Amino acid sequence: MTVMPVKTEALSLLDRPNSYIGKTVPRPNLDRLMQGRGLYVSDLELSRMAHVVFLRSPHAHARIAAIDVAAAKRMPGVIAVVTGKELASVITPWVGVLSHLKGLKSAPQHAIAIDRACWQGEAVAAVVATNRALAEDATEAVQVEYEELEAITDMRTALDLQTPVIHTSLGDNLAFERVLDAGHVDQGFASSDEVVEAEFVFGRHTGVTLEPRAVVADWNAAEARLTIYQGTQAPHMVQNIAALHLGLQESQVRVVCKDVGGSFGIKVHIYADEMATYALSKLLRRPIKFVADRVESFNTDIHARDHLCKGRIGVKRDGTITAFEIDDLTGIGPYSMYPRTSAIEANQVVNLVGGPYVTKNYRARARVVFQNKNVTCQYRAVGHPIACSVTEGLVDLAAARIGMDPVDIRRRNLIADDAYPCGSPSGLKFEKLSHHASLNKLLGMMNYDALRAEQAELRSKNIHRGIGIASVIEVTNPSAAFYGVGGAKISSQDGVAVRLDAQGAVICHTSITEQGQGSESMTAQIVASMLGVSMERVRVVLGDTDNTPYGGGTWASRGAGIGGEAALQAAKVLRKNILDVAAAILQATAAELDIADNVVVNATDGAPRIKLSELAGIVYFRPDTLPPGIQPELIATRHYVPRQYPFAFTNGVQASWLEVDTDTGFIRLLKHWVVEDCGTIINPQLVDEQIRGGVVQGLGAALFEKCIYDERGQLTNANMADYLVPMSGEMPDIDVGHVVSPTLESELGAKGAGEAGTAGAAAAVANAVNDALRPFRAIITEIPLTPQVILTALGRI
Amino acid sequence: MTAPLPISLDVNGERIDAHVLPRLNLADFLREHLHLTGTHVGCEHGVCGACTIRVNGEIVRACLMLAVQADGSAVETIEGLSDSGEITDLQAAFRDRNALQCGYCTPGMLIAAQDLLKQNPEPSRDRIREHLSGNYCRCTGYQAIVDAVEATVRSRTGRAA
């Protein structure tokens, strides 16, 4: 591991003897999951619980002329059949906009469609029955009279004057537009020797969490309280939104989140069918369970990407990049998603293109248009894969044009490692990145020169292998700049409460959430290290708005950097409180004492003085023996939010080594390398596994994943057999290395690592494919890179 | 819909007698009737492998089998395999290698991996990847799972890591 120079004093706390920080330790919650003894929402059963199944529009765009529910209501087991109009008496509609995305507009969206369905899969009625099968039977008996309307599906023509406007009240189909013109772009292109242009195409894909979205809503009419059990990344956000639209106070809503079967950004939003489930519980005064089936998941879980991005790059013969320019277009479905909006991805593309490079000349336009397809919104690495693929694709095309090695052009243009702090043309602030150190490390790991030699040798045998490299910057640890400033009630701060119990064990409540990243483990490692207790004595509680501090949750690569710092600060205070009590008991001063291995010891020689269990016993059961005036506080709470930098940027670089079969168009991934700089590493294994999992999601986008709509807005592959995802057989081994540049804004120094893998994987693969196909003069700027795309580019079909 | 039919079967060593609708699949029977919620439902059309269980010693997808078809069978789920100790070493290898994140695929993945190791005590890395290629994991990227299975092969065959 290459360690960049960092502040030395602050690290001493992290480097305490027996520290768990920087060590691989197993996650405490794994046995439960491995034995099938977890508690996912889909496992949950409550007394009097009923099941809701939604009848969904088969049309992409249709007026709902009439709904006849009489026959369905007579079906066995049916408790209620509820239309959008009826449910609107319990829950208000919403509009997914944020004020800092200037000009972003959207139309009011209802929990269940009223009068009009705007995408195939929008709910038009809810059937509640004693079990799911009976509810499904009864949906078939609901008679809906539709008048089909023209479906707007092609984003390229969505803004044409002759194209009908989906929401007439909005005036046009443009949801959002952003333009940026920084530096001297025209001058930059004029001063270049070559200008290379390309149009990049990104398929629409989705998250495919293995556990579908699931919610149990339990309105207790006697308590006037709603308990929502939901697999969500952001419990306090759900609490706020549910209360707001059901006319309740937040104190009347409790959100509980136990085990979550995958999230990846899919479960950070609030979906219309989830809102409907909350409302149905209130309406019917009993617990209601909704679990999406897989077809519903494909039709209603947010989709992502679906961008067409034209790009230009200017380059001099010596490899100097003189300017970047992009024109991005994306289709987001009929509504901007709530409450995070569907304009963030395009906005991020504008922010991030060209970000690793020195040139200050950058012009961008992004347009976000409505269409009659499922909604899109933030999915893992929001905008980054687009920006990275466009930037890195252009850089490779420029290098090829001037006959320069892809590594050399990057070395010439990546921001120097000693240039920080600095900014990007789009206004991003970089505290400390390590592009060159990361690239050097990557080249060593992959043995770049040897691979090039192997590639050349195999080419002579008609075997076509390619190397692709992609540098990445990544937004992590977002401050209020992401959502709060735009008016969304989404917390950017997190809180942790740490308590010493009577037997010397530690219980820790945190507002971040766990979906398998290792939030529990990471929190326990920090708390145990700061307190000097062993990790098995630390229990972490999360995912309950009644019992944890208020906070944002786990998304946008923020759990370790923000929640981890709050844990560190809380544990520091508790440690001080413990030592103050110990000093009083031992007639010493706190400065003379330390805690190690669950025992208060002498700071100087480590000699044991009093066990934490004994100390806690005195505090809780024999406070009468303490000196007068001593009131111990064996609980401490601290919150944290970054203030100095709106985002803690990380960087990394990835490389792909693959083989293209030019007869079949199949791609075989041989190896993938990643070097990543997420600052302080709390648990190396967990970081590496976040990177690997993220890379594989990016590889899915690169090779397989695409929601295929026909021209009428019908999703034609809404099942797992037709929508392909990476499986173990075709995935490569992935080597992960690190450079460590901690953020100085927090004492912990951790930045995020959850999305970096996804950000750069597709760019590395696409560059490798073009590298492999160079002898054929074929250039592909489209993902997924299906055999059909490859063979078409080769002129074989 | 027709009337419920009687079935008798052995689930994790326990005799179960029940009346079930002919259309009820085995995954729903295990989860909703027997409350064995370790058998997960991911796709309900036989693709994802989350509902993998053992019936008469063979691995099957519980979502593709009707409960009535299991009449007279011996069914083993993740709860049973965990309690019997049959896969304790495999579970330990998964824990040490962090071969699971959200854990939703894990019961099916463990049962599929154990099936391979019973058939083939020393599978190659490619063979492991191939055998697990019917079990979908969205979190890990598979490498840690393959590593954990390889580690179990090494420990079972008495070879050092």
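Those protein sequences? They're chains S and H, same order as listed.
In terms of this note's numbering, the numbers along the first sequence are unbroken and rise by one, the last being 797.
In terms of this note's numbering, the numbers along the second sequence are unbroken and rise by one, the last being 1161.
We put the CB at the ideal spot given by N, CA and C, even for glycine.
Computed from a prediction, not measured in an experiment: that's the story for all the values here.
{"Query": "Straight-line gap, aspartate 405(S) to proline 684(S) (C-alpha atoms, nearest Å)", "Result": "32 Å"}
{"Query": "Valine 372(S) vs cysteine 118(S) beta-carbon contact at 8 Å", "Result": "In the sequence on display, residue 372(S) carries asparagine and not valine. Against a cut-off of 8 Å, the Cβ pair of cysteine 118(S) and asparagine 372(S) comes out as a contact."}
{"Query": "CB contact below 8 Å: leucine 1100(H) versus chain S", "Result": "yes"}
{"Query": "CB contact check: glycine 516(S) to chain H, cutoff 8 Å", "Result": "yes"}
{"Query": "8 Å Cβ cut-off: residues of chain H touching tyrosine 811(S)", "Result": "Outside the shown range of chain S (1 to 797) lies residue 811(S), about which nothing can therefore be said."}
{"Query": "Below-8 Å beta-carbon distance, glutamine 1114(H) vs any chain S residue", "Result": "no"}
{"Query": "Leucine 30(S), DSSP secondary structure in three states", "Result": "helix"}
{"Query": "Between the CA atoms of serine 534(S) and asparagine 1135(H) - distance to the nearest angstrom", "Result": "36 Å"}
{"Query": "Neighbour-count burial assignment, asparagine 18(S), 16 or more Cβ in a 10 Å radius", "Result": "exposed"}
{"Query": "Cβ pair valine 124(S), serine 57(S) closer than 8 Å", "Result": "yes"}
{"Query": "Asparagine 299(S) Cβ short of 7 Å to the ligand ATP heavy atom set", "Result": "The ligand ATP is absent from the structure shown, which contains no ligands of any kind."}
{"Query": "Touching by the beta-carbon criterion (3+ pairs, under 8 Å), the stretch 606-626 of chain S and the stretch 474-490 of chain S", "Result": "no"}
{"Query": "Nearest residue (CA-CA) to isoleucine 112(S), options Gly203(S), Lys105(S), Pro93(S)", "Result": "Pro93(S)"}
{"Query": "Beta-ladder partner(s) of asparagine 220(S), from DSSP", "Result": "Arg225(S)"}
{"Query": "Cβ-based neighbour list, proline 632(S), same chain, cut-off 7 Å, excluding 5 preceding and 5 following", "Result": "Asn577, Val581, Val619"}
{"Query": "Nearest-angstrom Cα separation, counted from leucine 744(S) out to lysine 7(S)", "Result": "Its pLDDT being 41, under 50, lysine 7(S) is placed unreliably by the model, and the measurement read from it follows with that caveat. Going by the C-alpha atoms only, they are around 8 Å apart."}
{"Query": "Outcome for serine 460(S) when other beta-carbon atoms lying within 10 angstroms are tallied against a minimum of 16", "Result": "exposed"}
{"Query": "Contact residues within the stretch 1039-1064 of chain H, judged by C-beta distance below 9 Å to chain S", "Result": "Thr1039, His1040, Val1041, Gly1042, Cys1043, Glu1044, His1045, Gly1046, Val1047, Cys1048, Ala1050"}
{"Query": "Histidine 384(S) versus valine 353(S) - alpha carbon distance", "Result": "9 Å"}
{"Query": "Residue environment, lysine 102(S), which counts as buried when at least 16 other CB atoms sit within 10 Å", "Result": "exposed"}
{"Query": "Inter-residue Cα distance where the pair is arginine 294(S) and alanine 583(S)", "Result": "60 Å"}
{"Query": "Proximity below 8 Å, CB of threonine 1037(H) to CB of aspartate 43(S)", "Result": "yes"}
{"Query": "Cross-strand partners of isoleucine 67(S) (DSSP beta bridge)", "Result": "Val144(S)"}
{"Query": "For aspartate 328(S): DSSP bridge partner residues", "Result": "Cys309(S), Ala366(S)"}
{"Query": "Under 8 Å by beta carbon: chain S residues contacting phenylalanine 1094(H)", "Result": "Leu30, Met34"}
{"Query": "Reference proline 627(S), options Val95(S), Gln587(S), Ser342(S), closest by Cα", "Result": "Gln587(S)"}
{"Query": "7 Å Cβ shell around glutamate 1014(H) - same chain, five flanking residues per side excluded", "Result": "none"}
{"Query": "Isoleucine 270(S) versus threonine 554(S): straight-line alpha-carbon distance, rounded", "Result": "15 Å"}
{"Query": "CB of arginine 487(S) within 8 Å of CB of glycine 1103(H), strictly", "Result": "Before going on, a small fix: residue 487(S) reads as glycine here, not arginine. It is not a contact, given that the beta carbons lie outside the stated cut-off."}
{"Query": "Pairwise C-alpha distance: isoleucine 780(S) and glutamine 1069(H)", "Result": "50 Å"}
{"Query": "Residues of its chain near methionine 1109(H), where Cβ-Cβ distance is below 7 Å and the 5 sequence neighbours each way are ignored", "Result": "Leu1132, Asn1135, Cys1137, Ile1145"}
{"Query": "Own chain residues within Cβ distance below 8 Å of leucine 715(S), not counting five before or after", "Result": "Gln120, Gly121, Phe298, Asn299, Lys373, Asn374, Cys707, Ile708, Tyr709"}
{"Query": "Neighbour flag for alanine 721(S) against chain H, beta carbons, 8 Å", "Result": "yes"}
{"Query": "Interface residues of chain S facing arginine 947(H) [CB-CB closer than 9 Å]", "Result": "The question about residue 947(H) has no answer here: the residues shown for chain H are numbered 1001 through 1161."}
{"Query": "Enclosing beta strand (DSSP E) for threonine 476(S) [first to last residue]", "Result": "464-476"}
{"Query": "Cβ neighbours of leucine 531(S) in the same chain (closer than 7 Å, five flanking residues each side left out)", "Result": "Val506, Ala571, Leu574, Arg575, Ile595"}
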